[in-house]
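Peer 1: In mature numbering (1 follows the signal peptide of the UniProt record, and there is no 0), the protein residues as written are -23 to -1, 1 to 541.
After the structure tokens below, expect a handful of questions from me.
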């Protein structure tokens, strides 16, 4: 039996629970660095991902109060987006000790507070100040995502420090919060959260306005919680568009009230998304500064539509492309777009248009007759279908995005607002912008994540502006996206297939081109990407080892997270 006297409790407390920094050294700036993680050879690196546009740092170490408070200065008063984000990041930053750790740590903290009155000024940073200059929280392509972040020791005679994020929009401030969180490290010796290499002064903005990740939920159904986990992880790498490839020829899991039989094309009645689910995904993403672009791929990749409405098939033996000869086909397309417009506020909508084999149109009697009556070839009908779908989308105030085949087949006929999505051939963006179209880069040789033999450095060195030298044409490349096609990925392995290689593209899309050059990337980028992969792991994201050639495989042997 143990009897704890007050003196004994104090002794136990000081021995095990009070960091020495709080007893004697917390008020002193130190030169501690996290070389125990990375090794002294990499101590000069800045462990931020993606790399900010401009930044300076120093040689101080600052401690952060686990009771860190938020001071929000905004024309919009209290911003739910920012207040919830602050709470979210605070939970990540103070995962150990401080404000986390469950009941046990709660008891420890109460003991600490009862035995030692630790004044807030003993920490260097007690408050995070966020200044936002606009009350407009609409999230669209091209929204201002820039921010500044300053973390410094206060002026002489003051012990407290300052941490300030300033941005024109809440979405820039969200990126500032992510960067701030990456500056914070838990010191296991002092059991405090510290910022090394202070003072920090960061001015940051994205290189491209469109930084996307495509998720395919037709080839394998992904539960809502898994999609949310992916969206959450996207925000860590400063992606800002989830391209949701919801339906394809294999399954139609989405509810469409106007044509309720469409989701009979789902694999099972338990693998579906309601409109409420879709609305929840869109709002979850917006809270993290991420737009959701839906895709309805037509006229090919649509066999599943006919499960609920067989009349959409040209014939039982010709199940795609969709029947171009019937008004009903375009009525269904219009109905889908009308319902989805109520859910997806993003101005871009993907209409697919890729890999269309029109041969069975020419061999289906009523379609063949329709082609003859309209003096069309099957190729003409493909053009007719794509343009008609574009007109329907534009009438609902959407900007159409189409895969590159439409541009290759009839560039002069595409609507001028069309955004060409490159996936197959190299040099397509250069050709598209030369004709005045905007372009998204997703070259399959580099940015298709289901291509498991593509290594991180190949992803990293792919350049969306390759072969484009005219400044006005370069501006027409709005960005790029990595594509997570789902044939061989489901809930069990999708995250480790996405990460960390998607992060390599994320830095290419965010950071300045000259700061992410292909030279010496094993020295300048690899250690930072390994660090980011470990950060993802700490945050619960099952990102695969960086240098494992087959991206989602297990490690080959024992070792540190930072060396895998």
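Backbone N, C-alpha and C fix where the C-beta goes; we use that ideal spot for every residue, glycine too.
Bear in mind the structure is a predicted one, so any value in this text is a computation, not a measurement.
1) In this structure, how does DSSP classify residue 213 when only helix, strand and coil are distinguished?
2) With DSSP run on the structure shown, which of helix, strand or coil describes residue 470?
3) Who are the Cβ neighbours of residue 541 in its own chain at under 6 Å, not counting the five residues just before and after it?
4) Whole beta strand (DSSP E) runs in the region 473 to 501 with 3 or more residues, listed along the chain?
5) Looking at residue 434: is its Cβ nearer than 8 Å to the Cβ of residue 461?
6) In or out: residue 253 buried (at least 16 other Cβ within 10 Å) or exposed?
7) Provide the residue span of the beta strand (DSSP E) that contains residue 505, from first to last.
8) Taking all protein chains shown into account, decide if residue 9 is buried (16 or more other Cβ within 10 angstroms of its Cβ) or exposed.
9) Please state the DSSP three-state secondary structure of residue 273.
10) Note down, one range per segment and in chain order, each alpha helix (DSSP H) of at least 4 residues found wholly within the region 139 to 189.
11) Look at the alpha carbon of residue 53 and the alpha carbon of residue 113, and state the distance between them as a whole number of angstroms.
12) Using only CA atoms, which one of 463, 311, 49, 224 lies nearest to residue 284?
13) To the nearest angstrom, report how far apart residue 409 and residue 238 are at their CA atoms.
14) Between which two residues does the alpha helix (DSSP H) holding residue 253 run?
15) Taking 8 Å as the threshold (beta carbon to beta carbon), is residue 327 in contact with chain C?
16) Name the residue from 196, 152, 61, 438 whose alpha carbon lies nearest to the alpha carbon of residue 497.
17) Starting from residue 68, trace the alpha helix (DSSP H) both ways and give me its first and last residue.
18) Enumerate in chain order the residues of its own chain whose CB-to-CB distance from residue 530 is below 6 Å, with the five nearest sequence positions on each side excluded.
19) Between the C-alpha atoms of residue -6 and residue 274, what's the straight-line distance to the nearest angstrom?
20) Identify, in the order they occur along the chain, each residue of the same chain with its Cβ nearer than 6 Å to the Cβ of residue 392, setting aside the five sequence neighbours on each side.
21) Considering only residues of the region 296 to 343, which uninterrupted beta strand (DSSP E) runs meet the minimum length of 3 residues and lie entirely inside it, listed in chain order?
22) Can you check DSSP and say which residues form a bridge with residue 193?
23) Going by Cα to Cα distance, which pick from 109, 111, 176 is closest to residue 128?
24) Using the C-alpha atoms, what's the distance from residue 476 back to residue 509?
25) Please report how far the alpha carbon of residue 242 lies from the alpha carbon of residue 304, in whole angstroms.
26) Decide if residue 282 is buried, meaning its Cβ has at least 16 other Cβ atoms within 10 Å, or exposed.
27) What did DSSP end up calling residue 380 once you bin it into helix, strand or coil?
28) Which first and last residues belong to the beta strand (DSSP E) in which residue 369 is found?
29) Starting from residue 32, trace the beta strand (DSSP E) both ways and give me its first and last residue.
30) Just to confirm before moving on: does the CB-CB distance between residue 256 and residue 230 stay below 8 Å?
31) Based on the DSSP output, what are the partners of residue 48 in its beta bridges?
32) Could you tell me whether the Cβ atoms of residue 222 and residue 194 are closer together than 8 Å?
33) What are the boundary residues of the alpha helix (DSSP H) that residue 435 is part of?
34) Among the candidates 306, 301, 329, whose CA atom is the shortest distance from the CA of residue 345?
35) Use the C-beta contact count for residue 398: other C-beta atoms within 10 angstroms, 16 or more gives buried, fewer gives exposed.
36) Could you tell me whether the region 463 to 477 touches the region 438 to 448, where touching means 3 or more Cβ pairs closer than 8 Å?
Peer 2: This is what the structure holds:
1) One-based indexing of the chain shown puts residue 213 at position 236. Of the three classes helix, strand and coil, the one that applies to residue 213 here is helix, per DSSP.
2) The residue you call residue 470 lines up with position 493 of the chain shown. Correct three-state label for residue 470: coil.
3) Counted from its first residue, the chain shown places residue 541 at position 564. These residues qualify, in order along the chain: 522, 532.
4) Complete beta strand (DSSP E) runs here, min 3: none at all.
5) Taking the chain shown and counting its residues from 1, the one referred to as residue 434 is at position 457. Taking the chain shown and counting its residues from 1, the one referred to as residue 461 is at position 484. Between residue 434 and residue 461, the gap from beta carbon to beta carbon reaches 8 Å or more.
6) Taking the first residue of the chain shown as position 1, residue 253 is located at position 276. So residue 253 counts as exposed.
7) Your numbering for residue 505 matches position 528 in the chain shown. Run containing residue 505: none in the beta strand (DSSP E); it sits in the alpha helix (DSSP H), 503 to 515.
8) As a position in the chain shown, residue 9 is number 32, starting the count at 1. Reliability fails at residue 9, whose pLDDT of 32 lies under 50, so the model's placement of it is uncertain and no value is given.
9) Taking the first residue of the chain shown as 1, we reach residue 273 at position 296. The three-state reading of DSSP puts residue 273 in coil, since its state is none of H, G, I, E or B.
10) 147 to 160, all fully within the region 139 to 189.
11) The residue you call residue 53 lines up with position 76 of the chain shown. The residue you call residue 113 lines up with position 136 of the chain shown. Approximately 8 Å between the Cα atoms of the pair.
12) If you number the chain shown from 1, residue 284 lands on position 307. Out of 463, 311, 49, 224, 224 has the C-alpha closest to the C-alpha of residue 284.
13) The residue labelled residue 409 in the question sits at position 432 within the chain shown. The residue labelled residue 238 in the question sits at position 261 within the chain shown. In a straight line, the C-alpha of residue 409 is about 38 Å away from that of residue 238.
14) On the chain shown, position 276 is the one that residue 253 refers to. Start and end: 252 to 263.
15) Note that chain C does not occur in the displayed structure, where there is just one protein chain.
16) Taking the first residue of the chain shown as 1, we reach residue 497 at position 520. Minimum Cα distance to residue 497 is reached at 438.
17) For the purposes of this step, residue 68 is identified with residue 91 of the chain shown, where counting begins at 1. Annotation: the continuous alpha helix (DSSP H) that includes residue 68 extends over 57 to 70.
18) Counted from its first residue, the chain shown places residue 530 at position 553. Sequence-distant partners of residue 530 (beyond 5 residues in either direction) whose C-beta falls short of 6 Å from its own C-beta are missing from its chain.
19) To locate residue -6, count along the chain shown from 1; it is residue 18. To locate residue 274, count along the chain shown from 1; it is residue 297. Note that residue -6 scores a pLDDT of 39, beneath 50, so its modelled location is shaky; the value from the coordinates is reported in the next line. So the two alpha carbons sit approximately 60 Å from each other.
20) By one-based count along the chain shown, residue 392 stands at place 415. Excluding residues within five positions, the ones whose Cβ falls inside 6 Å are 367.
21) 325 to 327, all fully within the region 296 to 343.
22) Residue numbering aside, residue 193 sits at position 216 when the chain shown is read from its first letter. Residue 193 is bridged by DSSP to 222.
23) Position 151 of the chain shown, counting from 1, holds the residue named residue 128. Residue 128 has its Cα closest to that of 176, out of 109, 111, 176.
24) The residue you call residue 509 lines up with position 532 of the chain shown. The residue you call residue 476 lines up with position 499 of the chain shown. Their Cα atoms are separated by approximately 10 Å.
25) Translated into the one-based positions of the chain shown, residue 242 becomes position 265. Translated into the one-based positions of the chain shown, residue 304 becomes position 327. Annotation: residue 242 to residue 304 spans about 21 Å, alpha carbon to alpha carbon.
26) Reading the chain shown from its first residue, position 305 is the one you call residue 282. Counting Cβ neighbours within 10 Å, residue 282 comes out buried, since at least 16 surround it.
27) On the chain shown, residue 380 is found 403 positions in, with the first residue counted as 1. Secondary structure at residue 380: strand, using DSSP grouped into helix, strand and coil.
28) Residue numbering aside, residue 369 sits at position 392 when the chain shown is read from its first letter. Residue 369 -> not in any beta strand (DSSP E); alpha helix (DSSP H) instead, spanning 355 to 372.
29) Here residue 32 corresponds to residue number 55 of the chain shown, with the count starting at 1. Segment 31 to 33, the beta strand (DSSP E) holding residue 32.
30) Here residue 256 refers to the residue found at position 279 of the chain shown. Here residue 230 refers to the residue found at position 253 of the chain shown. It is not a contact, given that the beta carbons lie outside the stated cut-off.
31) Taking the chain shown and counting its residues from 1, the one referred to as residue 48 is at position 71. Residue 48 pairs with 106.
32) Taking the chain shown and counting its residues from 1, one reaches residue 222 at position 245. Taking the chain shown and counting its residues from 1, one reaches residue 194 at position 217. In contact: residue 222 and residue 194 (Cβ atoms closer than 8 Å).
33) As a position in the chain shown, residue 435 is number 458, starting the count at 1. Residues 433 to 438.
34) Position 368 of the chain shown holds residue 345. Distance from the Cα of residue 345 is smallest, within the candidate group 306, 301, 329, for 301.
35) Here residue 398 corresponds to residue number 421 of the chain shown, with the count starting at 1. Counting other Cβ atoms within 10 Å of its Cβ, residue 398 reaches 16 or more and is therefore classed as buried.
36) With the cut-off at 8 Å, the region 463 to 477 and the region 438 to 448 do not touch.
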